[in-house]
């Protein structure tokens, strides 16, 4: 079952025969049915699919918020399927940044403190937390807004705070779940530009869930999920790492 | 971890200060509970100290032996109505009960006392010279009886403060003055310092002492020479009281020729017994009020639990976000526990202040003595900490066990 097949260099993400079965009362829901997917470090991937296709389940799985019922998910060579809750929390804290559709900032808490949140759980000295969070806000163009509360910021600015929060730990993987779903066109463009820049300039792997083709167009690879499996997987730009598509 | 803890405490305080009314109402139970505990214990301690002070006015390690009750055709009269104790019993006890430091006796009667145009009805005691030292009476003015006074049954009197107040003009010198007790002229030789109220509640200073011999022969009149109203004794140490009581009982039973199946024809009381009796009343009250306070603290704790459960529900998404960015279960658990403890400690602190103010007011308004002890304050503080931890644990655990995916999706 779970051998790594001598694939070199080890991929950032390698999913093999991933199954997720939920039980809703008497009904078994197969959200993932033996899904296989490999994503290399530095890719910008858009995951598309209709609702109920299993793409949300896949995102939860990739984000280490959930564990598969069956199969393997190697993140940086670690089989996540076997980890305990606290170890998953550590991986989320150190390797993954989340950007949500509804921003999910903590209310009545300043932009700086929102961006600081992941470091809070790492036990860094307070001064260092502040400095890193301020730097992250600067990277998303929010210098000077550190003390603003979410309600004092526009939707686009709130999403940028969320991106700063995701970036502050310098993760290798950024997961964005419909990041522009609640934003107007102009703000959407801003957010996508930031994600694109992070991918191009800093080499952060970005995985994006969306159902808007023009948003998906920012990515260099498009994976369509249907019925818990990969339906299509194609590179849409040529300037990306040229390894083969997911198995 | 210190940075995490510090920030968590800051966050908790901030979250609570956002909802001041809610936090205040939640704390109210703890405030009332702790305030009640502090006030009640202060009042209880004050009452206890007052009783102890009263009991202390009896003397030091005092034992009182009262004659038994008479029984006439099945009707038992009150304690001390039968003549069973005599002066010679007292002298005998001093020899037979080695634990006793001193023994004395007294006999009393209420009579009218006259000084010039003033008169006063007062308890007059005929006493052995040792009586005053057993009862730790001291003189404000003048002195006690001399052996000659006792031997000659001299007409000399020692008077208490209340008697001075009622029988003499302000500024009039009582010592050396002549008063008449039951029409017999007496010379005042001493004035006693005030002792105040006794543990039983009567005025100890409303009293006149004359030598026992004088009382017997010249004032009271008696059909049975040597009979006493009560015998008094004292021991060197408190620990000696109980064994001394046994020695007295055995000696008196032998002397009174009591058979094994006969009851004692006397009653022995010690200062400690009397003190306990008095303290018992205030302790019952304290226990009762403390249990009310405990119920109040319980209700306060449930209030905290309730509001935290609401808070966990309200902040489900926040908990989800925290988990998504790497909060472990224990981080969430600690966060909510700290909120609970902050609430309960704040409530406890306010309660301590309320309790202290309440105790002070009781002293000022009702005039009851109160004592606020540091240990009570510390205990109340620790107790509110425990209440916070105990009642915070369930909601905190509920928050920590949330599934991050469901929490993030919660509307």
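Residue numbers (the numbering used here), protein chains in the order written: chain A, 29 to 275; chain B, 560 to 970. Built from N, CA and C at the ideal position, the CB exists for glycine as well.
Check your understanding: What does a CB cutoff of less than 8 Å around residue 702 of chain B pick up in its chain, not counting 5 residues either side in sequence?
Key -> 748 and 749
**Study point:** Cross-chain neighbours of residue 146 of chain A in chain B, by beta carbon under 7 Å
**Key:** 884 and 885
Review point. Closest Cβ-Cβ distance between residue 53 of chain A and chain B: below 8 Å?
Key: no
Check your understanding: Taking any Cβ of chain B, which residues in the region 147-179 of chain A have a Cβ under 8 Å from it, in chain order?
Key -> 148, 149, 150, 151, 152, 153, 154 and 157
Point to revise | Coil, strand or helix - residue 781 of chain B by DSSP | key: coil
Exercise for review: Check whether the Cβ of residue 888 of chain B lies closer than 8 Å to any Cβ atom in chain A.
Suggested key: yes
**Study point:** Helix, strand or coil at residue 198 of chain A [DSSP, three-state]
**Key:** coil
Check your understanding: When you compare only the Cα positions, how much space is there between residue 807 of chain B and residue 789 of chain B?
Key -> 14 Å
**Study point:** Cβ shell of residue 706 of chain B (< 8 Å), same chain only, five flanking positions each side left out
**Key:** 688
Practice item. Please list the partners that residue 964 of chain B has in chain A, where partner means a Cβ-to-Cβ separation under 8 Å. Key: 88, 93 and 94
Exercise for review: Quick one: using the 10 Å Cβ neighbour count with 16 as the cut-off for buried, is residue 273 of chain A buried or exposed?
Suggested key: Legend: pLDDT at residue 273 of chain A = 44, less than 50; position of this residue unreliable, no value from coordinates given.
Practice item. State the start and end residues of the unbroken beta strand (DSSP E) segment that holds residue 953 of chain B. Key: No beta strand (DSSP E) holds residue 953 of chain B; the alpha helix (DSSP H) holding it covers 933-959.
Point to revise | Own chain residues within Cβ distance below 7 Å of residue 260 of chain A, not counting five before or after | key: 252
Exercise for review: Give a yes or no on whether the minimum CB-CB distance between residue 188 of chain A and chain B is below 8 Å.
Suggested key: no
Practice item. Closer than 9 Å by beta-carbon distance: list the chain B residues that pair up with residue 114 of chain A, in chain order. Key: 887, 888 and 889
Check your understanding: Sorted by chain position, which residues of the same chain lie with C-beta nearer than 7 Å to residue 194 of chain A's C-beta, five sequence neighbours on each side aside?
Key -> 125, 126, 127 and 202
Review point. Just curious, the beta strand (DSSP E) that residue 570 of chain B is in, first and last residue?
Key: Careful: residue 570 of chain B lies outside any beta strand (DSSP E), inside the alpha helix (DSSP H) at 561-577.
Review point. Would residue 625 of chain B be called buried (16 or more neighbouring beta carbons within 10 Å of its own) or exposed?
Key: buried
Practice item. List the residues of chain A whose Cβ lies closer than 7 Å to the Cβ of residue 877 of chain B, in chain order. Key: 134
Review point. Buried or exposed: which applies to residue 718 of chain B, given that a residue is buried once 16 or more other Cβ atoms fall within 10 Å of its Cβ?
Key: buried
Practice item. Identify the continuous beta strand (DSSP E) that holds residue 733 of chain B and give its terminal residues. Key: First-last for residue 733 of chain B: undefined, no H or E at that position.
Point to revise | Cut-off 7 Å between Cβ atoms - residues of its own chain near residue 567 of chain B, not counting five sequence neighbours on either side | key: 893, 894 and 897
Practice item. May I ask you to verify whether the region 898-909 of chain B touches the region 147-164 of chain A, counting CB pairs closer than 8 Å and requiring at least 3? Key: no
Practice item. Using the Cα positions of residue 906 of chain B and residue 804 of chain B, report the straight-line distance between them to the nearest angstrom. Key: 51 Å
Check your understanding: Rounded to a whole number of angstroms, what is the C-alpha to C-alpha distance between residue 771 of chain B and residue 708 of chain B?
Key -> 10 Å
Review point. Which residues in the same chain have their Cβ closer than 6 Å to the Cβ of residue 876 of chain B, if we skip the five residues on either side of it in sequence?
Key: 969
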